[in-house]
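Colleague: Just dropping this structure here.
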Amino acid sequence: MNVGITFDLKDDYLALGFSEEESAEFDKPDTIEAIENAIKFAGHNTERIGNIWSLTKALSQGKTWDLVFNIAEGFRGIGREAQVPALLDAYNIPYTFSDPLVLSLSLHKGITKRILRDLNLATTDFAEINTIDDVELVNLPFPLFAKPIAEGTSKGVSLTSIVKNKVELKAECERLINIFHQPVLLETFLPGREFTVGIIGTGNLAKSVGCMEVLLQKDAEQGVYSYNNKENYENLVKYRLVEDEISKEVENLALSAYKTLGCRDAGRVDIRLDSNGIPNIIELNPLAGLHPVRSDLPMICSFKGISYQTLINEILKSASERVNQPNYFGENK
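Heads up: the sequence shown begins at 13 in my numbering, then just goes up one per residue.
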């Protein structure tokens, strides 16, 4: 196959003047190189397309591909992760990972939680703060956990995310709204163990590849998997594969959420235990990071003896099922 690769390169946004945190979700060159090498090793031709602006230019020039390996996070708006897939759908070009609906839904954590709740899949009580006046309407018991409603990579998450009273709540919501210019998600704070589950496949073929626990070290910001902890994970965080009784419950919950929401090819589900030891879904990531060393999904695969090459092969295999499939109008590519 002729495989294009869409991505947002961190260096490009740093060069435009954006900060490390603002560009935290974007990829480094070694991630793109690792993915491209794995695709080539699988016997395919590759072309680095780049971000949505580069993709738009290429499509306007008449370019096409048998499949696009899409890891573009997007830049503007709550629907940013869906923009490249939506453009590829318009040109009837198949691509890896989830469709625009799933990507838009999962990035908006409030709407995701509403759907999880309707599906009777465990997730915490929550409220949305659209303006600072909404703080007065909050009727949830403290402590609460505050974070931007549509960010990843723990952006905006710090020790002050755990709020214990109305004064702290108002101050933290003001901080997040001023920095990220989007609503704040408030959740009942979960004090228990934290896990992330890696999943490969689509539909009934989706399966968990493992459950990894996040353990904060003594010098880490405690009680929260913060942006600082995540960025400096080598010294502040320990990860371990968990294969005990609770991990099976965690994996089943994660897989149910992944399959029911329609995630495709591969992804991750983050789960934390409440004060009673019951697993609750924190969020879904259907566009999980793929750095071969730093990213959680490849890390889980490594713990399980699954090579990076095998992970990319499985993603390609799952996505390839959609190549030459009819679109919604019954037309083939």
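All C-beta atoms, glycine included, are put in the ideal place defined by N, C-alpha and C.
Nearest to residue 309 by CA position, among 211, 243, 228, is which residue?
Modeller: 211
Colleague: Give a yes or no on contact between the segment 142-162 and the segment 180-191, applying the rule of three or more CB pairs nearer than 8 Å.
Modeller: Yes, the segment 142-162 touches the segment 180-191.
Colleague: Return the CA-CA distance between residue 348 and residue 23, expressed in angstroms with no decimal places.
Modeller: No answer is possible for residue 348: it lies beyond the span of the chain, which begins at 13 and ends at 345.
Colleague: Using DSSP with H/G/I as helix, E/B as strand and the rest coil, what is residue 146?
Modeller: helix
Colleague: In whole angstroms, what separates the C-alpha of residue 261 from that of residue 251?
Modeller: 19 Å
Colleague: Between which two residues does the alpha helix (DSSP H) carrying residue 269 extend?
Modeller: 257-272
Colleague: In the DSSP output, which residue or residues are listed as bridge partners for residue 224?
Modeller: 208, 253
Colleague: Output needed for residue 46: all residues of its chain with C-beta closer than 6 Å, excluding positions within five of it in sequence on either side, in chain order.
Modeller: 304
Colleague: Throw me the rounded Cβ distance for the residue 80 and residue 100 pair, which I believe falls under 8 Å.
Modeller: 6 Å
Colleague: Among 228, 106, 65, which has the Cα closest to the Cα of residue 86?
Modeller: 65
Colleague: Buried or exposed for residue 200, going by 16 or more other Cβ atoms inside 10 Å?
Modeller: buried
Colleague: Which residues share a DSSP beta bridge with residue 197?
Modeller: 140, 159
Colleague: Are the segment 50-63 and the segment 317-335 touching by the rule of at least three beta carbon pairs closer than 8 Å?
Modeller: yes
Colleague: Provide the residue span of the beta strand (DSSP E) that contains residue 62, from first to last.
Modeller: 57-62
Colleague: Quick one: what's residue 393 bridged to in DSSP?
Modeller: Shown here, the chain extends from 13 to 345; a query on residue 393 therefore has no answer.
Colleague: Can you tell me where the alpha helix (DSSP H) with residue 240 in it begins and where it stops?
Modeller: Here the alpha helix (DSSP H) through residue 240 covers 239-243.
Colleague: Using 9 Å as the threshold, is the C-beta distance between residue 118 and residue 93 below it?
Modeller: yes
Colleague: Decide yes or no for the touch test of the segment 284-300 against the segment 261-275: beta carbon pairs closer than 8 Å, at least 3 of them.
Modeller: yes
Colleague: Rounded to whole angstroms, what is the Cα-Cα separation between residue 31 and residue 184?
Modeller: 21 Å
Colleague: For residue 290, does the three-state DSSP call read helix, strand or coil?
Modeller: coil
Colleague: What residues match up with residue 17 in a beta bridge as DSSP calls it?
Modeller: The partner list for residue 17 (beta bridge, DSSP) reads 60, 81.
Colleague: With distances taken Cα to Cα, identify the nearest neighbour of residue 273 among 151, 96, 132.
Modeller: The shortest Cα separation from residue 273 among 151, 96, 132 belongs to 132.
Colleague: Would you tell me roughly how many angstroms separate the C-alpha atoms of residue 147 and residue 233, rounded to the nearest one?
Modeller: 26 Å
Colleague: Report the CB separation of residue 277 from residue 109 in whole angstroms; it is logged as a contact under 8 Å.
Modeller: Between residue 109 and residue 277 the Cβ distance is about 5 Å, and since that is below 8 Å, they are a contact.
Colleague: Go ahead and label residue 238 buried or exposed: buried means 16 or more other beta carbons lie within 10 angstroms of its beta carbon, across all protein chains shown.
Modeller: With 16 or more other Cβ atoms within 10 Å, it is buried.
Colleague: Check residue 305 in the structure and name its three-state DSSP category.
Modeller: coil
Colleague: Would residue 285 and residue 202 qualify as a contact pair, given that the criterion is a beta-carbon distance under 9 Å?
Modeller: yes
Colleague: Contact defined as beta carbons within less than 8 Å: I believe residue 37 pairs with residue 164. What is the distance between those atoms, to the nearest angstrom?
Modeller: 5 Å
Colleague: Is residue 222 buried or exposed, if buried means 16 or more other CB atoms sit within 10 Å of its CB?
Modeller: buried
Colleague: Please report the Cβ distance between residue 176 and residue 195, rounded to the nearest whole angstrom; I am assuming they are in contact, meaning their Cβ atoms lie under 8 Å.
Modeller: 21 Å between Cβ atoms; not a contact.
Colleague: Our contact map puts residue 282 next to residue 208 with C-beta atoms below 8 Å; I'd like the distance itself, whole angstroms only.
Modeller: 5 Å
Colleague: Measuring CB to CB, does residue 269 end up less than 9 Å from residue 106?
Modeller: The answer is no: Cβ separation not under 9 Å.
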